[in-house]
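Respectively, the protein sequence lines represent chains A and B.
No gaps in the numbering here: position 135 of the first sequence is 135 in the numbering used here, and each next residue is one more.
No gaps in the numbering here: position 127 of the second sequence is 278 in the numbering used here, and each next residue is one more.
Beneath this line is the structure, given in structure tokens, with notes to follow.
Number of protein chains: 2
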Amino acid sequence: MYYTIAQIAEKTGLTAHTLRYYDKEGLLPFVERSGSGIRQFKEIDIEWLAVISCLKDTGMPVKQVKVFIDWCMLGDKTLRQRHNLFLEQKKQVDAQIAQLKKYLKKINYKIAYYETALKAGTEKVHTSQKCRTQAKKKMLAGAKKKPAKRR
Amino acid sequence: MYYTIAQIAEKTGLTAHTLRYYDKEGLLPFVERSGSGIRQFKEIDIEWLAVISCLKDTGMPVKQVKVFIDWCMLGDKTLRQRHNLFLEQKKQVDAQIAQLKKYLKKINYKIAYYETALKAGTEKVHTSQKCRTQAKKKMLAGAKKKPAKRR
DNA sequence: CCTTGACTTAGAGCTAACTCTAAGTCGTAT
DNA sequence: ATACGACTTAGAGTTAGCTCTAAGTCAAGG
Chain A
1 MYYTIAQIAE KTGLTAHTLR YYDKEGLLPF VERSGSGIRQ FKEIDIEWLA
51 VISCLKDTGM PVKQVKVFID WCMLGDKTLR QRHNLFLEQK KQVDAQIAQL
101 KKYLKKINYK IAYYETALKA GTEKVHTSQK CRTQAKKKML AGAKKKPAKR
151 R
Chain B
152 MYYTIAQIAE KTGLTAHTLR YYDKEGLLPF VERSGSGIRQ FKEIDIEWLA
202 VISCLKDTGM PVKQVKVFID WCMLGDKTLR QRHNLFLEQK KQVDAQIAQL
252 KKYLKKINYK IAYYETALKA GTEKVHTSQK CRTQAKKKML AGAKKKPAKR
302 R
């Protein structure tokens with residue numbers, strides 16, 4: 001049972017244009033064709049596309065994804081490389097999440113800042129910089145000694 | 152005490168080129184100039200740049216960051232908009248983190264997959280598809296048996 | 001005075017990842 | 001048979017975000 005490119009576009013959220021682009025870039029060597037050249041996607045190809053999206057959306061450039069796909073096509077002799085690739089990608093994603101969490105803290109601080117300002121009717125409520133100075137003091141103190149609060 | 156563009160590039164990790172580009176795009180209206188037009192960055196400008204990087208790195212396009220900066224320059228009458236902007240950005244970042252965590256699970260599964268394959272010396276250890284089939288059963292429990300009529 | 005080096009500008013060039021166009025083929029429905 | 005719509009291709013165009021170049025200004029050191 002085969003899917004057309006339009007059906008796969010529907011299923012994956014990618015456009016048919018993008019799928020052809022990926023194919024042209026060598027990301028879809030596993031997709032079969034009919035006698036007249038029509039792409040015939042199978043269930044398993046949807047799994048391939050999920051892996052491709054995972055790598056791409058976690059920051060891997062298309063060219064490097066192609067390298068991975070090529071390794072897959074080469075079989076067992078590239079197992080080690082592929083294993084390393086995912087270990088490396090895990091590191092990347094861990095770092096991305098850590099960075100986003102830092103930014104989230106900054107955003108939460110800003111939300112609190114604007115809530116205070118809205119209540120006061122003016123941003124000037126912050127210009128004495130009491131808050132900022134105190135926050136700094138807290139952070140500096142926290143950096144020195146780790147609070148033993150766990151569980 | 153002022154910093155040159157090169158010193159700020161050093162401190163922020165952005166290039167001097169990029170800082171001029173941001174300025175040209177209207178992101179740095181708060182940066183003062185000397186009589187001869189040299190940018191004079193102050194401590195507070197480093198904080199501005201940290202906020203700009205936070206918004207940009209969490210997915211906000213430069214043009215929308217400019218809108219935010221313009222709001223800041225307009226003073227208290229834009230407090231509500233700025234508050235909303237950060238609430239919205241928080242949603243975005245929460246969603247990004249959630250998506251990355253999903254991808255991380257997929258990557259961890261792949262790492263385990265390749266570890267098993269490496270131990271066995273071949274990927275064929277997975278071709279019985281016991282694991283995958285069982286996972287599918289879980290996920291598809293309820294949505295199965297489509298007549299699936301296709302060319 | 002002249003050189004050096006950091007800065008200035010406008011604007012061109014680059015890269016990644018699409019996004020679209022034009023011209024053409026194919027398979028089915030009227 | 002012919003029209004329709006979905007597919008095919010090569011290749012051009014677009015966008016964001018830089019990245020760099022060329023030509024010029026300016027202040028300090030030899």
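Even for Gly, the Cβ is constructed at its ideal location relative to N, Cα and C.
Small disclaimer: the values here were computed from a predicted structure and weren't measured.
Can you confirm whether residue i, when its beta carbon is compared against all beta carbons of chain A, has any partner nearer than 8 angstroms?
i        : result
Gln240/B : yes
Arg308/B : With chain B covering only 152 through 302, there is no way to say anything about residue 308/B.
Thr278/B : no
Gln191/B : no
Leu170/B : no
Leu251/B : yes
Glu194/B : no
Val244/B : yes
Glu183/B : no
Alpha carbons only, please: which of the options is nearest the one belonging to residue i?
i        : options                                   : result
Lys241/B : Leu85/A, Ala98/A, His83/A and Leu104/A    : Leu104/A
Trp155/A : Leu87/A, Gly35/A and Ile8/A               : This structure cannot speak to residue 155/A, because chain A is shown only from 1 to 151.
Gln215/B : Ile195/B, Leu251/B, Tyr173/B and Gln247/B : Tyr173/B
Lys261/B : Glu25/A, Glu43/A, Leu87/A and Asp45/A     : Leu87/A
Val67/A  : Leu19/A, Tyr2/A and Gly26/A               : Gly26/A
Val213/B : Tyr265/B, Thr273/B, Ile258/B and Leu170/B : Leu170/B
Gln191/B : Asp227/B, Lys175/B, Met224/B and Met152/B : Met152/B
Leu14/A  : Ala50/A, Ser36/A and Asn108/A             : Ala50/A
Counting only beta-carbon separations shorter than 8 angstroms, does residue i have a partner in chain B?
i        : result
Lys130/A : Bear in mind that a pLDDT of 47 at Lys130/A, under 50, signals an unreliable position, so the model cannot answer this.
Lys77/A  : no
Thr58/A  : yes
Ile69/A  : no
Tyr103/A : yes
Ile97/A  : yes
Phe86/A  : yes
Glu123/A : yes
Leaving aside the five residues before and after residue i along the sequence, list all residues of the same chain whose C-beta is less than 7 angstroms from its C-beta, in chain order.
i        : result
Ala167/B : Ile156, Ala157 and Ala160
Met73/A  : Pro29
I think residue i touches residue j, with their Cβ atoms under 8 angstroms apart; what is that distance to the nearest whole Å?
i        : j        : result
Val125/A : Ala117/A : 6 angstroms
Val93/A  : Thr58/A  : 5 angstroms
Thr163/B : Ile197/B : 7 angstroms
Gln96/A  : Leu251/B : 6 angstroms
His83/A  : Glu274/B : His83/A to Glu274/B, Cβ: 11 angstroms. No contact.
Lys257/B : Cys54/A  : 5 angstroms
Just to confirm my understanding: we take residue i, look at its own chain, exclude 5 residues before and 5 after, and list those with CB closer than 8 angstroms. What are they?
i        : result
Lys281/B : With a pLDDT of only 47 at Lys281/B, under the threshold of 50, the placement of this residue in the model should not be trusted; the figure read from the coordinates follows. Hits under 8 angstroms: none found.
Arg184/B : Arg190 and Gln191
Lys77/A  : none
Using C-beta distances below 6 angstroms, list every residue in its chain close to residue i, excluding the 5 sequence neighbours before and after it, in chain order.
i       : result
Gln81/A : Trp71
For the region 105 to 121 of chain A, which residues have a CB atom closer than 8 angstroms to at least one CB atom of chain B, in sequence order? Lys106, Ile107, Asn108, Lys110, Ile111, Tyr114, Glu115, Ala117, Leu118 and Gly121
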